[in-house]
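As you go down the protein sequences, you meet chains V and Z in turn.
Read left to right, the first sequence gives residues 8 to 457 (this note's numbering).
Read left to right, the second sequence gives residues 8 to 457 (this note's numbering).
A virtual CB, placed ideally from N, CA and C, is assigned to each residue, including glycine.
Report on the following structure.
There are 2 protein chains.
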Amino acid sequence: MKIILLSGGSGQRLWPLSNGAQAKQFLRLLKSPDGNKESMVQRVVRQIKEAGLLESITVATSAAQADMISNQLGQYGADIVTEPARRDTFPAIALAAAYLQKEKQCDLDETVVVMPCDPYTEIGYFQTIAKMVKAVEESAADLVLMGITPTNPSSKFGYIVPEATDAQKETRKVNRFVEKPNHELAEQLLTEGALWNGGVFAFRLGYIASILEKYVSAPTFAEVRARYQEFPKISFDYEVAERAESVAVIPFTGQWKDLGTWNALTEELPTQTIGNVVLDPEAKNTHVVNELDLPLICIGTDNLVVATSNDGILVADKAHSEDLKTHLAQLGPAARPMYEERRWGKYKVIDHIEFPDGQNVLTKQLCIRAGKSISYQVHHHREEVWTIINGTGRLVLSGEERNVKPGDVIHIRREQFHAIRAITDLYIIEVQSGDRLTEDDITRYPYTWE
Amino acid sequence: MKIILLSGGSGQRLWPLSNGAQAKQFLRLLKSPDGNKESMVQRVVRQIKEAGLLESITVATSAAQADMISNQLGQYGADIVTEPARRDTFPAIALAAAYLQKEKQCDLDETVVVMPCDPYTEIGYFQTIAKMVKAVEESAADLVLMGITPTNPSSKFGYIVPEATDAQKETRKVNRFVEKPNHELAEQLLTEGALWNGGVFAFRLGYIASILEKYVSAPTFAEVRARYQEFPKISFDYEVAERAESVAVIPFTGQWKDLGTWNALTEELPTQTIGNVVLDPEAKNTHVVNELDLPLICIGTDNLVVATSNDGILVADKAHSEDLKTHLAQLGPAARPMYEERRWGKYKVIDHIEFPDGQNVLTKQLCIRAGKSISYQVHHHREEVWTIINGTGRLVLSGEERNVKPGDVIHIRREQFHAIRAITDLYIIEVQSGDRLTEDDITRYPYTWE
Numbered sequence: 008m009k010i011i012l013l014s015g016g017s018g019q020r021l022w023p024l025s026n027g028a029q030a031k032q033f034l035r036l037l038k039s040p041d042g043n044k045e046s047m048v049q050r051v052v053r054q055i056k057e058a059g060l061l062e063s064i065t066v067a068t069s070a071a072q073a074d075m076i077s078n079q080l081g082q083y084g085a086d087i088v089t090e091p092a093r094r095d096t097f098p099a100i101a102l103a104a105a106y107l108q109k110e111k112q113c114d115l116d117e118t119v120v121v122m123p124c125d126p127y128t129e130i131g132y133f134q135t136i137a138k139m140v141k142a143v144e145e146s147a148a149d150l151v152l153m154g155i156t157p158t159n160p161s162s163k164f165g166y167i168v169p170e171a172t173d174a175q176k177e178t179r180k181v182n183r184f185v186e187k188p189n190h191e192l193a194e195q196l197l198t199e200g201a202l203w204n205g206g207v208f209a210f211r212l213g214y215i216a217s218i219l220e221k222y223v224s225a226p227t228f229a230e231v232r233a234r235y236q237e238f239p240k241i242s243f244d245y246e247v248a249e250r251a252e253s254v255a256v257i258p259f260t261g262q263w264k265d266l267g268t269w270n271a272l273t274e275e276l277p278t279q280t281i282g283n284v285v286l287d288p289e290a291k292n293t294h295v296v297n298e299l300d301l302p303l304i305c306i307g308t309d310n311l312v313v314a315t316s317n318d319g320i321l322v323a324d325k326a327h328s329e330d331l332k333t334h335l336a337q338l339g340p341a342a343r344p345m346y347e348e349r350r351w352g353k354y355k356v357i358d359h360i361e362f363p364d365g366q367n368v369l370t371k372q373l374c375i376r377a378g379k380s381i382s383y384q385v386h387h388h389r390e391e392v393w394t395i396i397n398g399t400g401r402l403v404l405s406g407e408e409r410n411v412k413p414g415d416v417i418h419i420r421r422e423q424f425h426a427i428r429a430i431t432d433l434y435i436i437e438v439q440s441g442d443r444l445t446e447d448d449i450t451r452y453p454y455t456w457e
Numbered sequence: 008m009k010i011i012l013l014s015g016g017s018g019q020r021l022w023p024l025s026n027g028a029q030a031k032q033f034l035r036l037l038k039s040p041d042g043n044k045e046s047m048v049q050r051v052v053r054q055i056k057e058a059g060l061l062e063s064i065t066v067a068t069s070a071a072q073a074d075m076i077s078n079q080l081g082q083y084g085a086d087i088v089t090e091p092a093r094r095d096t097f098p099a100i101a102l103a104a105a106y107l108q109k110e111k112q113c114d115l116d117e118t119v120v121v122m123p124c125d126p127y128t129e130i131g132y133f134q135t136i137a138k139m140v141k142a143v144e145e146s147a148a149d150l151v152l153m154g155i156t157p158t159n160p161s162s163k164f165g166y167i168v169p170e171a172t173d174a175q176k177e178t179r180k181v182n183r184f185v186e187k188p189n190h191e192l193a194e195q196l197l198t199e200g201a202l203w204n205g206g207v208f209a210f211r212l213g214y215i216a217s218i219l220e221k222y223v224s225a226p227t228f229a230e231v232r233a234r235y236q237e238f239p240k241i242s243f244d245y246e247v248a249e250r251a252e253s254v255a256v257i258p259f260t261g262q263w264k265d266l267g268t269w270n271a272l273t274e275e276l277p278t279q280t281i282g283n284v285v286l287d288p289e290a291k292n293t294h295v296v297n298e299l300d301l302p303l304i305c306i307g308t309d310n311l312v313v314a315t316s317n318d319g320i321l322v323a324d325k326a327h328s329e330d331l332k333t334h335l336a337q338l339g340p341a342a343r344p345m346y347e348e349r350r351w352g353k354y355k356v357i358d359h360i361e362f363p364d365g366q367n368v369l370t371k372q373l374c375i376r377a378g379k380s381i382s383y384q385v386h387h388h389r390e391e392v393w394t395i396i397n398g399t400g401r402l403v404l405s406g407e408e409r410n411v412k413p414g415d416v417i418h419i420r421r422e423q424f425h426a427i428r429a430i431t432d433l434y435i436i437e438v439q440s441g442d443r444l445t446e447d448d449i450t451r452y453p454y455t456w457e
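So this is what it looks like as structure tokens:
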């Protein structure tokens, strides 16, 4: 059995902790059983493991999220399939399926489960997935979905209506799908035993392979990926589920929620404050997540969420926190992420000034993890000054290698080839200056260390 | 006529905008008539000038505030007298009086007015000062005080009780002083025509000179200052006002308040937001002062004050903002100010890390104003790397002078003599590292530029 985890979203609704590179599912805010903190995606994969379902995980995601996935799920040996561009859930799932078939040489009879990477749920959810796998293996249907037992006639979800005759069975044949009904129709659907569509699908690899074959027929995964733009921009629900001739649903009843807003997330935080915070004991129903190094004092507040990061500061009444997106639009597009986790380590922007003469200066604190390195590269529009502040490493500058240690200062001019590899965890203060400071002002070259 | 302005206080109640170096009176948050912003002390001196009283101002303050005073009042030619250590208002005033007498050679018949540097008040206040000066010149009393007409029986103020027979006169002889009465007594005092003591005093220089002579008798100001610890730690009210044989009071009726709490200050801010802020139009009675470079979004809040600086972040219900001091105590003493204005320019700390191996690294952005310089100095516990990022200057390093420009990197080792002078406004990223990073790890030497 193979699991495909879908990891997408830019996670604006949890700004400033989430940004383009750090979507909501990567925020390490939830309490893990070992007393530390874990992210939504780490929680889901831990639960998959606890349910005995951890055989093989493939994460379908964007290039921007690949480093985060690798850092957070590396220990589980998860494979990562990155979309060349954002399209929709059908192409993303089809690409991951092509990877399993053509790159991993999976058997077409293999059962595949597709699921989101961030539901906040419980063990029963994963037990239901095990039942779905069994149903596929027993050929109960071509496609088996999970149906979440509704708690109210919500208009936010798609509904799966089972055949009336199957109402008491565990595996129910699907009569039809209804996308986001109005309140009145939703009430009617509940009387028919309809379930919410939670975006969890099980099928044999061959079933999806035959559908993707209609759009892109190519012998290797690399060729399928190169022709990614030929897949239609359509959701898996529309392209596959609604067109399938043989579809079944298995219900799940239990805790299931999306921690995608501050209001929902704060309900599941392990503590009222995270970070350097002094919270007035008289503050009511207030949650503060302070990821800045500055102290934060919160006095006499009520029903408030305060969140800070190098990207910005949010102070919001919890009931109004869902309006965040509208207000965020007023900031205009963020010039750049102010902190990022990368495969080689992490950085944060600690200062940025634009001078009237056009000179732009960006100062970063970098941490390169022991054994990792930054690729051999040149910049055309900026120079960089590196002050090594902790750890040791190996530097190559214009083809010459040498060891570096705290107190060493390296001046990298425009067009000068450079790379650095951390021997121990290596901390650097980097001062970039130039007329144009953009992430894409990098040309990378291969390099073999001596 | 000479004015002595008293500038003290660490201004914790307006944290995080005020700190040890930047007391509340220096915050440039009030609207000035030219449409720009001015601080409380700038507003008071502007009003002194508008009232035609600007002949000579001497500011009695601490060494920590001297640079701020000089930056903010430089244009008025104010003299600054710094106390060698903090004592109380009598020694501070006595020292400033000794300066006028022994350093500026003022006549002992000269009228002196002592006043706080930060009342939020109106023109009538300064017209009352003019009347006090006239009363001293006409020898109405040895000491003339301003009495603020009370608006309520407050227990926060000292009261001045005039002679009953003088109730209708403009200049009233003082019967007695009552320090911070309880509510009942305050009500009784109001029926007697008592006034609040606003801390404004007028007298002839000779009057105070004869009192200070009792404690320190020395021919020069430098000698008086060197013996500062011989002055008693006592307030001017107790040492002078309550012991004076001939005291009069002149009432002032009008706007007079202390903008010393966030609740009081926000009432006088020109706009609801200052800095990079998106404020939800539905937020009620909310004020946001954001001095960080990060964007701040505030949604659905009510009766809230949010203030940020490099020292920290405050989120407080306005009615509770007076409790700030208690909560601030929980932070423990601040390791260092995170930004400061100095005579030579300003700096902010942009990053600070302490490594497990004891290595300490502090990164600052410095701006040295054109024509100003940093003194010739050495550090014993740290080295510094300067990356010049904008402007031009003249550097001296181990006795050798040279010009510097953007892109230049200067590595200053422990015990290496250095100084820098800005030719144009000079911006530097400074990386300090060492086992001990404290402001006092500086030994300064004289230097004459080539």
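For residue i, the three-state DSSP class (helix, strand or coil)
{"i": "GLU45 of chain Z", "result": "strand"}
{"i": "ILE304 of chain Z", "result": "strand"}
{"i": "PHE33 of chain Z", "result": "helix"}
{"i": "LEU12 of chain Z", "result": "strand"}
{"i": "ALA336 of chain Z", "result": "helix"}
{"i": "ALA137 of chain V", "result": "helix"}
{"i": "THR128 of chain V", "result": "strand"}
Host beta strand (DSSP E) of residue i (start-end)
{"i": "ASP265 of chain Z", "result": "263–265"}
{"i": "LEU444 of chain Z", "result": "Segment: none, LEU444 of chain Z is in no beta strand (DSSP E) and carries neither H nor E."}
{"i": "TRP393 of chain Z", "result": "389–397"}
{"i": "ILE100 of chain V", "result": "That residue, ILE100 of chain V, is in no beta strand (DSSP E); its alpha helix (DSSP H) goes 96–105."}
{"i": "GLU289 of chain Z", "result": "Taken as a continuous stretch (DSSP letters only), GLU289 of chain Z belongs to no beta strand (DSSP E), as it is neither H nor E."}
Chain V residues whose Cβ lies nearer than 7 angstroms to that of residue i
{"i": "VAL285 of chain Z", "result": "HIS334, GLN337 and LEU338"}
{"i": "ILE375 of chain Z", "result": "Ordered by position in chain V, no residue passes the 7 angstroms Cβ test against ILE375 of chain Z, which lies about 14 angstroms from the chain."}
Under 9 angstroms by beta carbon: chain Z residues contacting residue i
{"i": "TYR354 of chain V", "result": "Those do not exist, as TYR354 of chain V stays about 11 angstroms from chain Z at its closest Cβ, beyond 9 angstroms."}
Chain Z residues whose Cβ lies nearer than 8 angstroms to that of residue i
{"i": "ILE516 of chain V", "result": "This structure cannot speak to residue 516 of chain V, because chain V is shown only from 8 to 457."}
{"i": "PHE210 of chain V", "result": "None at all; the shortest Cβ gap to chain Z is about 43 angstroms."}
Assigned exposure category for residue i - 16 Cβ within 10 Å defines buried
{"i": "THR198 of chain V", "result": "exposed"}
{"i": "TYR452 of chain V", "result": "exposed"}
{"i": "LEU36 of chain V", "result": "buried"}
{"i": "THR308 of chain Z", "result": "buried"}
{"i": "ASP318 of chain Z", "result": "buried"}
{"i": "ASP324 of chain Z", "result": "buried"}
{"i": "GLY267 of chain Z", "result": "buried"}
{"i": "ILE130 of chain V", "result": "exposed"}
{"i": "GLY42 of chain Z", "result": "exposed"}
{"i": "ARG50 of chain Z", "result": "buried"}
{"i": "LYS240 of chain V", "result": "exposed"}
{"i": "PRO302 of chain Z", "result": "buried"}
{"i": "ALA30 of chain Z", "result": "buried"}
{"i": "PRO98 of chain Z", "result": "buried"}
{"i": "ASP287 of chain Z", "result": "buried"}
{"i": "HIS425 of chain V", "result": "buried"}
Interface residues of chain Z facing residue i [CB-CB closer than 7 angstroms]
{"i": "HIS418 of chain V", "result": "VAL416"}
{"i": "ALA104 of chain V", "result": "Ordered by position in chain Z, no residue passes the 7 angstroms Cβ test against ALA104 of chain V, which lies about 40 angstroms from the chain."}
Range of the contiguous alpha helix (DSSP H) that encloses residue i
{"i": "SER69 of chain V", "result": "Element bounds for SER69 of chain V: not the alpha helix (DSSP H) but the beta strand (DSSP E), 64–69."}
{"i": "ASN297 of chain V", "result": "Careful: ASN297 of chain V lies outside any alpha helix (DSSP H), inside the beta strand (DSSP E) at 294–297."}
{"i": "ALA271 of chain Z", "result": "269–274"}
Neighbour list for residue i in chain V, Cβ cutoff strictly below 9 angstroms
{"i": "SER328 of chain Z", "result": "ILE306 and GLY307"}
{"i": "GLU390 of chain Z", "result": "GLY414"}
**OP:** Return the chain-ordered ranges of every beta strand (DSSP E) run that is complete within the region 167–246 of chain Z and spans a minimum of 3 residues.
**Re:** Taken in chain order, the unbroken stretches of beta strand (DSSP E) that lie wholly in the region 167–246 of chain Z and span 3 residues or more are 179–185 and 202–211.
**OP:** Report the residue ranges of all beta strand (DSSP E) runs contained in full by the region 303–387 of chain V; include only those spanning at least 3 residues, in chain order.
**Re:** Correct list: 303–306, 311–316, 319–324, 346–349, 352–361, 367–375 and 380–385.
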